[in-house]
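Working notes, structure below.
2 protein chains.
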Amino acid sequence: MLPQNPPVEDLTSTAMEHKIAEQPALANGKTNGHTNGNGNANGTSTLPGLDASKMTITRADPTLRAVPDEDTACAGNETICTDHMITVTWKLGSGWSAPELKPYGPLSLMPTASVLHYATECFEGLKAYRGHDGALRLFRPDLNAKRMLMSTLRISLPGFAPAEVEKLILALMAVDGPKWLPASRPGSYLYLRPAVIGTNPQLGVQAPKEALLFITASFMPRMDAPPGGMKLHTNPEDMIRAWVGGFGYAKVGANYGPSLLATNEARDRGFGQILWLYGPEGYCTEAGASNFFVVWRTKEGALQLVTAPLDDKLILDGVTRRSVVELAKERLAGELEVVERKYTIDEVVEADKEGRLVESFAAGTAFFICPVSHIRHRDYDVQIPMVKGESGHYTAKIKGWMTDIMYGNEQHPWGVVVDEQK
Amino acid sequence: MLPQNPPVEDLTSTAMEHKIAEQPALANGKTNGHTNGNGNANGTSTLPGLDASKMTITRADPTLRAVPDEDTACAGNETICTDHMITVTWKLGSGWSAPELKPYGPLSLMPTASVLHYATECFEGLKAYRGHDGALRLFRPDLNAKRMLMSTLRISLPGFAPAEVEKLILALMAVDGPKWLPASRPGSYLYLRPAVIGTNPQLGVQAPKEALLFITASFMPRMDAPPGGMKLHTNPEDMIRAWVGGFGYAKVGANYGPSLLATNEARDRGFGQILWLYGPEGYCTEAGASNFFVVWRTKEGALQLVTAPLDDKLILDGVTRRSVVELAKERLAGELEVVERKYTIDEVVEADKEGRLVESFAAGTAFFICPVSHIRHRDYDVQIPMVKGESGHYTAKIKGWMTDIMYGNEQHPWGVVVDEQK
Numbered sequence: 001m002l003p004q005n006p007p008v009e010d011l012t013s014t015a016m017e018h019k020i021a022e023q024p025a026l027a028n029g030k031t032n033g034h035t036n037g038n039g040n041a042n043g044t045s046t047l048p049g050l051d052a053s054k055m056t057i058t059r060a061d062p063t064l065r066a067v068p069d070e071d072t073a074c075a076g077n078e079t080i081c082t083d084h085m086i087t088v089t090w091k092l093g094s095g096w097s098a099p100e101l102k103p104y105g106p107l108s109l110m111p112t113a114s115v116l117h118y119a120t121e122c123f124e125g126l127k128a129y130r131g132h133d134g135a136l137r138l139f140r141p142d143l144n145a146k147r148m149l150m151s152t153l154r155i156s157l158p159g160f161a162p163a164e165v166e167k168l169i170l171a172l173m174a175v176d177g178p179k180w181l182p183a184s185r186p187g188s189y190l191y192l193r194p195a196v197i198g199t200n201p202q203l204g205v206q207a208p209k210e211a212l213l214f215i216t217a218s219f220m221p222r223m224d225a226p227p228g229g230m231k232l233h234t235n236p237e238d239m240i241r242a243w244v245g246g247f248g249y250a251k252v253g254a255n256y257g258p259s260l261l262a263t264n265e266a267r268d269r270g271f272g273q274i275l276w277l278y279g280p281e282g283y284c285t286e287a288g289a290s291n292f293f294v295v296w297r298t299k300e301g302a303l304q305l306v307t308a309p310l311d312d313k314l315i316l317d318g319v320t321r322r323s324v325v326e327l328a329k330e331r332l333a334g335e336l337e338v339v340e341r342k343y344t345i346d347e348v349v350e351a352d353k354e355g356r357l358v359e360s361f362a363a364g365t366a367f368f369i370c371p372v373s374h375i376r377h378r379d380y381d382v383q384i385p386m387v388k389g390e391s392g393h394y395t396a397k398i399k400g401w402m403t404d405i406m407y408g409n410e411q412h413p414w415g416v417v418v419d420e421q422k
Numbered sequence: 001m002l003p004q005n006p007p008v009e010d011l012t013s014t015a016m017e018h019k020i021a022e023q024p025a026l027a028n029g030k031t032n033g034h035t036n037g038n039g040n041a042n043g044t045s046t047l048p049g050l051d052a053s054k055m056t057i058t059r060a061d062p063t064l065r066a067v068p069d070e071d072t073a074c075a076g077n078e079t080i081c082t083d084h085m086i087t088v089t090w091k092l093g094s095g096w097s098a099p100e101l102k103p104y105g106p107l108s109l110m111p112t113a114s115v116l117h118y119a120t121e122c123f124e125g126l127k128a129y130r131g132h133d134g135a136l137r138l139f140r141p142d143l144n145a146k147r148m149l150m151s152t153l154r155i156s157l158p159g160f161a162p163a164e165v166e167k168l169i170l171a172l173m174a175v176d177g178p179k180w181l182p183a184s185r186p187g188s189y190l191y192l193r194p195a196v197i198g199t200n201p202q203l204g205v206q207a208p209k210e211a212l213l214f215i216t217a218s219f220m221p222r223m224d225a226p227p228g229g230m231k232l233h234t235n236p237e238d239m240i241r242a243w244v245g246g247f248g249y250a251k252v253g254a255n256y257g258p259s260l261l262a263t264n265e266a267r268d269r270g271f272g273q274i275l276w277l278y279g280p281e282g283y284c285t286e287a288g289a290s291n292f293f294v295v296w297r298t299k300e301g302a303l304q305l306v307t308a309p310l311d312d313k314l315i316l317d318g319v320t321r322r323s324v325v326e327l328a329k330e331r332l333a334g335e336l337e338v339v340e341r342k343y344t345i346d347e348v349v350e351a352d353k354e355g356r357l358v359e360s361f362a363a364g365t366a367f368f369i370c371p372v373s374h375i376r377h378r379d380y381d382v383q384i385p386m387v388k389g390e391s392g393h394y395t396a397k398i399k400g401w402m403t404d405i406m407y408g409n410e411q412h413p414w415g416v417v418v419d420e421q422k
């Protein structure tokens, strides 16, 4: 029998509400006997939830691998990871297993595994920073953990208490931080990549019945200061990145693979990334896989820092984006107005033509705060002023504040210190 | 230096044109010293192309695994594959390696593998049919191979000559067909799943520098005759499957994972699949992961078989869809008009209200030709007539013709006979 007269609300919103409601203890991450280990079922469950306190440790022989210098580590075609990784398995009928911290190595997946066919995958990216004061810090890892829960649920993978993921990230850095990001390298970072994938070996378009959460730590090249600034090419008219009613706000694999073709074509033309416009109006959304900011003067003369809003769910709620917005509101009040609103490429072009365009930058974990120097839109080239050829004034200022928090020059609640095992 | 005055054409179309142009011998699949093993670079290449004639064979012990009956094989949560699979690796600098036919088993992927993070993956689905005449047939495998090339290039994976993939599929069935789809089981099928994934162990949003093509053969449950017919729920307003400028026409993982949330919510309400509508007009596009057809009478009284068109690249160019269109045009001429055009859910509802709706079915490899009995759109329920409670008249007729070709009751060029190793 079919249900009669169901509510007419949106299925996806409804599903997300169900799933978020059934997550245990989102605020404090404490798991207990009533936590839900099954993010794919409706209602509550007594299956084991993700629980960092159950983590087992199998140590790698620390003498087996030497730590390369940063340049060497980033020179090849393979990401160099640290000695260990964390894995946690989940099954529909039994919930989350005990997390394992163990030697870094390959995963074994059946050729029928869900993730290999249906893109049942999501990830996060954050960095661990070796401070000038010797401490090892993460930058707002709670935001990454919460966003990963949202992405995980959006792609029909199992839910968890975000605080448990945060604890696992800290645990991996506590073990691998001292060797791989030694105190002798202040101002350096490692890149952390938590991910969840659907692993059940069953073909057919369906929500995964088995999943794997894993966390790696690795070297990643510095991309925040390309010579001459980042050069953007607006997206081709036959290719848009995300759409209202889609999943542009979630950090799921499905947002990335399909963008590569246009990005590579732009690179062949000498540009670094695509500036993704949306709709016939040409709203500015993201720069590559980063958030996008401009500083301009309005026609009335007001100085504004402008970026796309989150409310239509087209763009990622970036941790760097959010931090830029919050810092600028706090520290540039009276000097510069921070505006989150829809704005079009035509507005940017007009500001450029009228000499009102002041600065532009991309913001994200991988590219950090990266000055944008050039935007090609159809046959028009926007050339953006760079102070001393490398950055705009406000771009540099904000980047400096963020850097100080990350590397401990400024003690700030956003910098979460890792309790390292020494 | 940036290129000056570049053409203003679309980057994605341009990229696809480049890539398709550089594929060797699309027509005959013959590889030679000048084939291009590198679908990600511009221009031609002398790297080895995909070459089925180089295939090596490592046989599994055929006594190790017994062949289950169909019901048992499909009862569990794991897809049961045959004794062997085919794998072929590709690297940016060295092209395609020699294909390997070898025992079915797990793949080893580094946690940093591209496919696990960026959805650099695409696949195909087709079946092998054990005929009532004893022969083993594939159904139009050339169409699957060509579509896989298109999907592969769209997701920035390496290209190949489609005929070589077709040969590999035939080779796998030649070895595993006699045991796993024996002549004692006429009217049965196995499901073939070719896929290509990005395997390079390097984080960062970029086109894969290493890839793996693999082909498995497995049992898959029959889904073409759910009791009472397939029940569809139109998509929620906050969730659309594909969009113009997207990749709905390509069989890439990114089309599937994001659809699961709404599909599961619909299932919780008693419906089998989502009828995906597009745009404010509510154009009918796909039913779940299948193409969607209706038979109706126009207001003027003409009988029409209607399905969405391919030209806006929203929907998959289904092999079953194409075959239905071609057979109906050939064999129902004068009786029924075949129309590929945009049509809206409002037109379907209006036809239902006016008693002009005759039949509806979903068409695809997994669901074959599956009668649709019910469509819920907001607060309206479309009830579709079923002859004898199981199917419409034309639905049954077309399904019968297709079945006859697949299982050799009718000798037809679409049925490609496998030269089995007995």
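One line per chain: the protein sequences are A and B, in this order.
The first sequence begins at 1 in UniProt numbering and counts up one residue at a time.
The second sequence begins at 1 in UniProt numbering and counts up one residue at a time.
All C-beta atoms, glycine included, are put in the ideal place defined by N, C-alpha and C.
Just so you know, these numbers come straight off a predicted model, no measurement behind them.
Whole-angstrom C-beta distance between residue j and residue i, which should lie under 8 angstroms
i: Asp-317/A; j: Leu-327/A; result: Contact flag wrong, Cβ pair sits at about 16 angstroms.
i: Lys-399/B; j: Ile-369/B; result: 4 angstroms
i: Lys-127/B; j: Leu-168/B; result: Not quite, the Cβ-Cβ distance comes to about 16 angstroms (not below 8 angstroms), so this is no contact.
i: Leu-50/A; j: Trp-96/A; result: 4 angstroms
i: Leu-157/A; j: Pro-227/A; result: Their Cβ separation, rounded to whole angstroms, is 40 angstroms, which puts Leu-157/A and Pro-227/A out of contact at 8 angstroms.
Contacts around residue i, its chain only, beta-carbon distance under 7 angstroms, and the 5 residues preceding and following it disregarded
i: Thr-112/A; result: Pro-201, Gln-202, Leu-203
i: Arg-321/B; result: Asn-291, Thr-307, Ala-363
i: Trp-243/A; result: none
i: Pro-141/B; result: Leu-126, Glu-166, Ile-169, Val-416
i: Ala-174/A; result: Val-418, Asp-419, Glu-420, Gln-421
i: residue 480/B; result: With chain B represented from 1 up to 422, any question about residue 480/B goes unanswered, as that position is not in the structure.
i: Lys-239/B; result: The sequence given here has Met at residue 239/B, not Lys. Hits under 7 angstroms: Ala-262.
One or two residues paired with residue i in a DSSP bridge
i: Ile-57/B; result: Leu-101/B
i: Thr-112/B; result: Beta-bridge pairing links Thr-112/B to no other residue.
i: Thr-216/B; result: Arg-193/B
i: Glu-286/B; result: Trp-276/B, Asn-291/B
i: Ile-86/B; result: Leu-101/B, Ile-215/B
i: Lys-422/A; result: Paired residues: none, contrary to the question.
i: Arg-267/A; result: Partner(s): none; Arg-267/A has no beta bridge.
Contacts around residue i, its chain only, beta-carbon distance under 8 angstroms, and the 5 residues preceding and following it disregarded
i: Ala-333/A; result: none
i: Val-205/B; result: Tyr-118
i: Ala-351/B; result: Val-294, Trp-296, Arg-297, Leu-357
i: Met-223/B; result: Ala-366, Phe-367, Phe-368, Cys-370
i: Ala-183/B; result: Arg-130, Gly-134
Reduced DSSP secondary structure (H/G/I, E/B, other) of residue i
i: Asn-144/A; result: helix
i: Glu-340/B; result: strand
i: Gly-159/A; result: coil
i: Tyr-129/B; result: strand
i: Leu-305/A; result: strand
i: Glu-359/A; result: strand
i: Thr-234/A; result: strand
i: Trp-414/A; result: coil
i: Ser-323/B; result: helix
i: Met-239/A; result: coil
i: Ile-398/B; result: helix
Contacts around residue i, its chain only, beta-carbon distance under 6 angstroms, and the 5 residues preceding and following it disregarded
i: Val-295/A; result: Leu-305, Val-358, Glu-359, Tyr-394
i: Thr-79/B; result: Ser-218
i: Cys-122/B; result: Ser-151, Thr-152, Ile-155, Val-196, Lys-251, Val-252
i: Ala-287/A; result: Leu-232, Gln-273, Leu-275, Ala-362
Worksheet item: Taking contact to mean at least 3 C-beta pairs separated by less than 8 angstroms, is the region 87-105 of chain B in contact with the region 230-247 of chain B?
Response: no
Worksheet item: Are at least three pairs of beta-carbons, each pair with one atom in the region 125-145 of chain B and one in the region 280-296 of chain A, less than 8 angstroms apart?
Response: no
Practice prompt. May I ask you to verify whether the region 401-409 of chain B touches the region 122-139 of chain B, counting CB pairs closer than 8 angstroms and requiring at least 3?
Written response: yes
Item to complete: Take every Cβ of the region 209-217 of chain A, pair it with every Cβ of the region 72-91 of chain A, and state whether three or more of those distances are shorter than 8 angstroms.
Response: yes
Discussion item. With a threshold of 8 angstroms, are at least 3 pairs of Cβ atoms found where one atom belongs to the region 55-70 of chain A and the other to the region 106-121 of chain A?
Written reply: no
Worksheet item: With contact counted as at least three CB pairs below 8 angstroms, one residue from each stretch, are the region 253-273 of chain B and the region 253-268 of chain A in contact?
Response: Contact holds: three or more Cβ-Cβ distances are below 8 angstroms.
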